[in-house]
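In what follows, a structure is listed as structure tokens, so that the remarks can point back to it.
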Amino acid sequence: MGLEENLPSGVLLTNVEKLVNWTRKSSLWPATFGLACCAIEMMTTGAPRYDLARFGMEVFRASPRQADLMIVAGRVSNKMAPVLRQIYDQMPEPRWVLAMGVCASSGGMFNNYAIVQGVDHVVPVDMYLPGCPPRPEMLIDAILKIHAKIMDEPLGPKRAAELAESGYRTPMVPSSVKYAPKHKQLGALKTTHTPDVPNYLEPGSQPRPAPNALAPGETLELPSLADAARGGDAK
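Using numbering that gives the first Met the number 0, the first residue of the sequence shown is number 0, and each one after it goes up by one.
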């Protein structure tokens, strides 16, 4: 975002690319987005023992408009998916996403209707970090790999081309985007993702399966709020 995004990429600007990418990777500010237990390890990474400030990540930004890196630490529920997408859209380009933990990467042990089976159904992911939860050393290693990726990126509108190659349509209009990316690094893996991924920003688009613990023809009677407040004794 800025003058460097309007510069062409080529041999004449090789040193300029290296300088711009060095400044970007040396001042990568993450957004505050901890969702579950992986966030504890993420906060530990920012503590004095591991000290993310050594890599230019001085503080986690509370405003997405001042952040460059989104670390999705934990599982993403269907209700949290629109919030995740909105925060990502508010981050200025260039921006990167790190899926921290197996829950953010593929849904983890939560293989049900309430959890998004991989955050790459909602936003494009640049780095997948396995673990349950991954240790701070693993998070630092993933961040350093993102630094190496940033150093190899060309100037200009490169992000739109990358997203188009991965299966995303640009510009990203929430009402028309289908969150089903096709990442090359995941092409050889067998996943349990449904082939038709719903748009998580449209209310009512995610179907709710019938409870499988009930016998055929049996219905589940739930008490009203008034009965629940009285302890469930009244009919």
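By construction, the Cβ of each residue, glycine as well, lies at the ideal position given by its N, Cα and C atoms.
Practice item. Using a threshold of 9 Å, state whether the C-beta atoms of G100 and A66 are closer than that. Key: no
Point to revise | Run of the beta strand (DSSP E) containing I70, from where it starts to where it stops | key: 68–72
Check your understanding: The alpha helix (DSSP H) with M126 in it runs from where to where?
Key -> Here M126 belongs to no alpha helix (DSSP H); instead the beta strand (DSSP E) covers 126–128.
Check your understanding: According to DSSP, is M41 helix, strand or coil?
Key -> helix
Practice item. Inspect the beta-carbon positions of L138 and E40 and report whether they are closer than 9 Å. Key: yes
**Study point:** Cutoff 6 Å; reference C36; Cβ partners in own chain excluding five residues on either side
**Key:** P132
Review point. Since S76 sits in a beta bridge, which residues does DSSP pair it with?
Key: I114
Practice item. Report the residue from P153, M56, Y127 whose alpha carbon sits nearest the alpha carbon of V96. Key: Y127
Practice item. Kindly indicate the opening and closing residues of the alpha helix (DSSP H) around V101. Key: 101–105
**Study point:** Where P194 falls: helix, strand or coil (DSSP)
**Key:** For P194, the predicted model reports a pLDDT of 38, less than 50, meaning its position is unreliable; a value from the coordinates is still stated below. The answer is coil: DSSP assigns P194 none of H, G, I, E or B.
Check your understanding: Can you list, in chain order, the residues of its chain whose CB lies under 7 Å from that of I70, leaving out five sequence neighbours each side?
Key -> P29, F32, M41, L97, M99
Practice item. Using the DSSP secondary-structure output, state which residues sit across from V29 in a beta bridge. Key: Going by the sequence as given, residue 29 is Pro instead of Val. DSSP, once it has assigned bridges, lists L68 as partnering P29.
Review point. Between I114 and P91, what straight-line distance do the alpha-carbon atoms span, to the nearest angstrom?
Key: 27 Å
Check your understanding: With 16 other CB atoms within 10 Å as the buried threshold, where does V196 fall?
Key -> No answer about V196 holds up, because its pLDDT of 44 lies below 50 and its placement is not dependable.
Exercise for review: Could you check if P63 is buried or exposed, using at least 16 other CB atoms within 10 Å of its CB as the buried criterion?
Suggested key: buried
Practice item. Please decide whether D125 counts as near chain D, where near means a Cβ-Cβ distance under 9 Å. Key: You won't find chain D in this structure, because it holds only one protein chain.
Point to revise | Collapsed DSSP secondary structure at E16 in the structure displayed | key: helix
Practice item. May I have the straight-line CA-CA distance separating D151 from K24, to the nearest angstrom? Key: 11 Å
Check your understanding: With a CB to CB cut of under 6 Å and the five nearest residues on each side skipped, what residues in its chain are close to L68?
Key -> L27, P29, W95
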